[in-house]
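As structure tokens, the structure follows; a few thoughts come after it.
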Amino acid sequence: MDDLAYLVTESNAAWLDGRGDGRFERYERFYQSERGKHGEAFELERINGAYPDWVGSQPPPVLVMLAKPWFGKVLVALTCMYVGAQVVPAVSSAIPYKSTVLLGVAFVGLRAFHWKRRRAR
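Here the sequence shown is numbered in this note's numbering, starting from 39 and rising by one per residue.
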């Protein structure tokens, strides 16, 4: 009878093979950091006992992602796109010619601002 457990993503065989939900990569990162710290005095049993405490002290992956600078930039860009998509049609229907001039000034101002920043580097 064949053991096909390695095909299931959540199985221990898949975890030991390095596939699955990231637990193996997290353990490997912990193992390598501890091995680098302790050098010759490295004891696998003691390190394996410390692993659950280390996992419990790590922040959740979602919070790590939310704390990254690129996430804030993407969130600001999406918010600006949403607000712009709501505001521009309402303003252009209320005051069509003035809104055209305002949008033109805003785009030219943004281009000048970015041009000055790029030139300052």
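Ideal placement from N, C-alpha and C gives every residue a C-beta, glycine not left out.
Residue interval of the alpha helix (DSSP H) (run including residue i)
i, result
"Ala-88", "82-95"
"Lys-154", "134-158"
"Glu-72", "61-76"
"Pro-99", "99-104"
For residue i, the nearest candidate out of the options (CA to CA)
i, options, result
"Leu-140", "His-152, Val-125 and Gly-77", "Val-125"
"Arg-64", "Ala-150, Ala-79, Pro-99 and Val-146", "Pro-99"
Legend entry - Any 3 or more C-beta pairs closer than 8 Å across the segment 63-72 and the segment 89-98: A contact exists between the segment 63-72 and the segment 89-98.
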